[in-house]
């Protein structure tokens with residue numbers, strides 16, 4: 006119980022209100038309103054997080070709605086999971102907002118941007134600390150709205166507007182599932198509070214597996230899992246800080262967090278767990294495969310994000326609750342770093358196509374170094390953050406005995422380090438390919454957050470490493486419940502070799518002069534085509550979902566026009582004719598009565614109004630006359 | 061000292077003169093003037109009564125007179141403000157020409 | 183010394199004693215009244231006559247001229263000559279004038295001015311009528327001047343006259359408020375409305391314990407005097423007769439003796455206002471060494487000199503400045519002043535000086551800040567240096 | 035001192051007569067400006083009667099407020115509203131004769147009442163002075179006094195608001 010907790014989301018909400026109403030007046034000061042609110046939230050949250058780390062547990066709730074004996078409660082819950090996310094969101098969010106002041110400096114809708122960011126922060130923080138599905142869902146939807154608004158922030162561009170619409174509609178599919186899941190849970194007798202979920206599961210209502218799968222739909226939509234992953238690459242049309250904050254570090258992680266919150270439910274049903282594992286693994290592999298050939302710097306990172314989210318989902322599906330959460334946290338830091346670095350590169354060069362970059366290392370030292378650290382982290386090179394968390398996931402798969410998945414994940418990890426270093430080498434090393442681009446280093450307000458995030462990317466994995474005796478995992482599970490595994494050298498070896506192998510291969514391909522990329526592409530033409538066309542997902546959707554819908558729509562439209570409108574028109578004509586008759590009746594019969602009444606009243610009032618002249622002096626005279634009359638009356642008596 | 065009844069008759073005369081003016085005058089300012097006469101008749105009565113009252117009760121009448129004077133001044137101020145506002149809108153201050161809401 | 187001080191009182195008493203030897207008592211009472219009235223009726227016009235001379239002389243000196251110097255020694259007979267000229271001039275009544283109003287106005291305007299003399303204490307025991315509401319009487323009587331001015335302006339059937347009359351009415355109503363309020367502290371401290379009592383309340387310190395030497399008295403004196411100048415329609419508040427704008431204001435259409443009466447009323451008003459200011463704030467006839475009536479006239483003429491000095495120094499102010507000064511500056515200041523006087527009454531020693539002075543200085547500063555009205559743009563002269 | 039008392043009495047009756055004449059003039063004069071002047075005269079006469087009743091304070095207040103302020107305001111209003119040569123319209127409405135009858139009736143009844151009531155003949159105590167009035171205003175009547183001051187403030191603001199021009203630009207016909 007901490008009275009300050011509700012302030013954490015409310016401060017950014019207040020900043021949103023201020024910026025949306027007074028943003029025009031504030032101008033560039035709007036940024037400081039938002040950053041101030043986030044910083045204050047962070048300052049409130051950090052002591053609480055440390056208290057949670059020390060074993061505290063904050064929760065409070067109040068009845069919001071009474072539904073025939075059962076009720077919906079609103080409240081907050083600060084347990085290790087939400088504390089972890091709170092830590093990530095407040096710190097990364099604040100840093101990204103600071104970065105945005107530099108990135109968005111020239112934008113005419115500067116204050117609007119920060120208003121949206123603040124609204125997003127408020128929603129995300131609400132989601133993190135909420136203790137029930139309803140509040141969670143509300144925050145979830147507000148985040149969806151913010152995502153829509155921010156992807157389409159430059160709505161003058163058609164591509165941005167379309168991407169925003171695509172993101173919104175695609176996630177909506179998942180959200181509908183999620184909401185149905187919540188309702189199913191409610192039908193199954195749950196109070197919808199996370200803490201009561203275990204009891205609900207124990208009751209073993211037959212619809213619970215369906216509820217789990219439906220809730221997983223929400224994750225698929227929000228966390229861009231196969232087959233609803235198509236919106237995330239397009240979402241890169243938004244400003245880069247948005248990509249970093251929403252589409253890499255926090256919002257997409259909310260889907261994973263949803264599974265974490267509902268883990269008790271999933272755990273109870275093998276089918277659900279298998280489904281989660283399958284989807285996660287497919288997503289991880291497929292996205293990594295597409296990333297191999299992507300040429301847009303942000304798209305590479307987007308597919309990488311999808312892939313890493315697939316990792317987390319897989320881990321959760323295999324029962325690795327702590328592994329998934331751990332990776333969620335480390336990924337937030339290094340992916341935010343990578344996106345911000347990408348943003349810095351875009352800011353400096355003005356292009357997003359890595360084929361036009363090259364040799365930027367000397368020109369953008371800070372960006373390059375931090376980007377390199379981020380890439381090493383994601384590639385899983387020890388002792389950086391990504392290594393520890395990815396190793397945990399691989400270990401989970403290994404210990405689950407699910408070797409196909411383990412192999413797939415190892416392959417994916419290899420591909421990850423390959424495509425990341427393909428990106429690094431093409432961007433920062435070699436020679437400049439386009440001589441029209443004059444790169445320059447970004448301002449300190451952008452490189453500062455980069456360095457902070459880089460340092461975090463190096464060290465944030467350590468609490469989960471064996472050096473700290475897997476403190477983080479213990480923290481998540483409640484100290485004492487977590488059995489510490491001995492180090493599994495097979496997994497460590499697989500992991501390190503996958504990471505280093507990918508890096509070396511990339512170095513051979515893209516630093517050497519062998520022209521390997523073209524050769525490999527022509528050698529494996531079908532696979533290359535599959536990757537560059539992203540498994541034809543967009544085309545399939547367009548042909549088999551959008552087109553039929555449009556067809557049905559057109560059909561319904563013509564039905565509307567020819568049948569229903571005609572009926573309406575006929576009805577109208579009939580009414581017209583009827584009313585013509587009524588008009589005649591009204592005019593000559595009913596009006597006749599009315600007019601007679603009126604004339605009669607007028608006749609009477611013409612007599613009566615002689616009393617009421619409207620002149621105040623006549624009334625005055627009448628008053629005095631009455632006084633005189635009363636006096637005379639009094640005298641008679 | 062002149063007897064109280066003479067003062068009362070004097071103020072009664074002022075009263076009826078005021079009444080006559082208030083009813084008969086067409087000019088609204090004239091009506092206000094007549095109302096001032098009526099108020100003065102009342103005020104005079106109060107002071108006259110106080111002068112003929114017992115010791116200790118005398119302040120009441122005088123204070124009533126002062127209050128009446130204050131209220132009369134207030135009424136005149138508001139009344140004349142209304143007259144001026146009216147004149148600005150209607151260009152007349154004859155009471156029987158201001159008949160827009162008559163019927 | 184004592185006889186010199188009481189010379190007028192003693193001479194009146196001598197006349198009455200003489201009459202008492204052969205006339206019934208009620209005739210003597212009437213005679214007492216008549217003598218006083220006669221004295222005032224002589225004093226008023228004579229004062230006016232020599233004030234005109236004084237004004238012309240002083241203004242002349244201030245404008246590097248000599249002033250009247252042809253009729254009599256130092257032009258001392260100039261007022262008589264003027265009077266003769268006025269009396270022999272043609273009396274013009276404009277066509278279409280409201281004859282009654284036009285005729286009555288100059289007469290009516292003199293009456294309040296003369297009545298105001300009744301409550302001025304000219305010396306020890308020399309208050310013509312020691313009314314117990316003397317100060318209020320003075321203010322009430324001087325406020326009726328407005329009606330005479332209205333009659334003059336309306337009766338003349340001249341638009342300049344009407345404009346002057348309107349300006350006069352607005353000005354007099356406005357300045358009466360701070361004037362009355364500035365007198366209130368004096369009444370509070372003296373505990374009486376009678377002018378005589380107020381003078382007596384300033385006795386002490388060898389005849390120098392004047393109210394003007396207290397913080398509230400100083401502010402009240404300045405405000406009272408300013409309002410008095412405005413009530414007399416004197417420069418720099420002479421908008422009702424501003425000759426450069428509306429010819430001569432409400433007395434544009436008057437000539438000859440009627441015009442002279444307006445002039446007389448104005449000068450008598452200056453005299454009575456100065457006299458009352460001297461009474462209320464400068465200790466009246468209190469003063470060391472000299473006879474009391476001499477002290478009174480010295481103070482009064484000093485104040486009249488200041489009025490003439492104003493006229494020689496200050497340009498006429500605009501109408502909005504005039505109204506703003508009265509309502510936005512003087513009136514709040516007088517209200518604060520009443521508060522200060524109350525605090526003065528309830529405190530002792532050096533603290534009362536400190537408290538009242540700081541309150542008044544603070545509010546003066548604040549009001550000056552708040553009234554920092556609009557200043558027109560600096561003019562640009564195209565072809566001049 | 036008898037002759038002097040008689041003189042004062044005669045003076046008071048003279049003032050009454052003048053006041054009544056002025057009052058009649060103020061309701062019957064066709065020229066509203068003259069009517070206002072006549073009213074001023076009547077009010078001055080009433081102030082004189084107050085003096086005769088030894089209520090100096092009331093008398094002075096009467097002059098200060100009525101003659102100095104109210105009549106001035108009235109004349110101000112007359113000047114603002116009447117055109118100077120507008121004497122063609124009749125000053126009275128058609129109720130003249132009827133109202134005269136009513137007024138006469140009221141007056142005769144009032145006089146009958148007044149004459150038939152036994153009034154106290156003499157004044158027993160000295161009239162209250164200014165300080166007594168002040169004490170009473172600040173003592174038993176302080177609430178009424180405060181109410182009056184609030185009303186006066188309200189009137190001040192109200193009169194300003196009513197008479198203010200809404201839009202200076204529109205008002206120039």
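Chains as they are written, first to last, in the numbering used here: chain A, 6 to 642; chain B, 61 to 163; chain C, 183 to 567; chain D, 35 to 207. We put the CB at the ideal spot given by N, CA and C, even for glycine.
Minimum C-alpha distance to residue i - residue among the options
i: residue 547(C); options: 415(C), 196(C) and 512(C); result: 512(C)
i: residue 309(C); options: 434(C), 470(C) and 194(C); result: 194(C)
i: residue 319(A); options: 123(A), 538(A), 351(A) and 284(A); result: 284(A)
i: residue 515(C); options: 551(C), 487(C) and 535(C); result: 551(C)
i: residue 397(C); options: 524(C), 236(C) and 252(C); result: 524(C)
i: residue 117(A); options: 528(A), 21(A), 60(A) and 611(A); result: 21(A)
i: residue 627(A); options: 69(B), 83(B) and 90(B); result: 83(B)
Residue i - DSSP class collapsed to helix/strand/coil
i: residue 572(C); result: In the structure displayed, chain C extends from 183 to 567; residue 572(C) sits before or after that span and is not available.
i: residue 78(A); result: strand
i: residue 180(A); result: helix
i: residue 588(A); result: helix
i: residue 155(B); result: coil
i: residue 231(A); result: coil
i: residue 204(D); result: Reliability fails at residue 204(D), whose pLDDT of 47 lies under 50, so the model's placement of it is uncertain and the value that follows must be treated cautiously. Coil.
Neighbour flag for residue i against chain B, beta carbons, 9 Å
i: residue 625(A); result: yes
Contact with chain D by residue i, beta-carbon distance below 9 Å
i: residue 502(C); result: no
i: residue 163(B); result: Low per-residue confidence applies at residue 163(B): pLDDT is 49, beneath 50, and the placement is therefore not dependable, though the value from the model is reported in the following sentence. Taking Cβ atoms only, chain D never reaches closer than 9 Å to residue 163(B), which makes this a no.
i: residue 280(C); result: yes
i: residue 212(C); result: yes
i: residue 640(A); result: yes
i: residue 73(B); result: yes
7 Å Cβ shell around residue i - same chain, five flanking residues per side excluded
i: residue 119(D); result: Because the pLDDT at residue 119(D) is just 48, under 50, the model does not fix this residue reliably, and the point stays unresolved.
i: residue 242(C); result: 248 and 249
i: residue 481(C); result: 460 and 464
CB contact below 9 Å: residue i versus chain A
i: residue 167(D); result: no
i: residue 189(D); result: no
i: residue 143(D); result: yes
i: residue 91(B); result: yes
i: residue 58(D); result: no
Neighbouring residues, chain B, relative to residue i (Cβ below 7 Å)
i: residue 590(A); result: Ordered by position in chain B, no residue passes the 7 Å Cβ test against residue 590(A), which lies about 33 Å from the chain.
i: residue 127(D); result: 84, 86 and 156
Contact set for residue i: own chain, Cβ-Cβ below 6 Å, skip 5 residues either direction
i: residue 448(A); result: 107
i: residue 541(C); result: 522
Close-in-space but distant-in-sequence residues of the same chain around residue i (CB under 8 Å, 5 per side omitted)
i: residue 206(D); result: Confidence at residue 206(D) is low in this model, with a pLDDT of 42, below 50, so the placement of that residue is unreliable and no value is reported for it.
i: residue 362(C); result: 321
Per-residue contacts from residue i into chain A (C-beta, under 8 Å)
i: residue 156(B); result: 620 and 622
i: residue 140(D); result: 629, 632, 633 and 636
Interface flag, residue i vs chain C, CB-CB below 9 Å
i: residue 186(D); result: no
i: residue 109(D); result: yes
i: residue 105(D); result: yes
i: residue 90(D); result: yes
Under 7 Å from the C-beta of residue i: neighbouring residues of chain A
i: residue 79(B); result: 629
Per-residue contacts from residue i into chain D (C-beta, under 8 Å)
i: residue 329(C); result: 71, 74, 101, 105, 106 and 109
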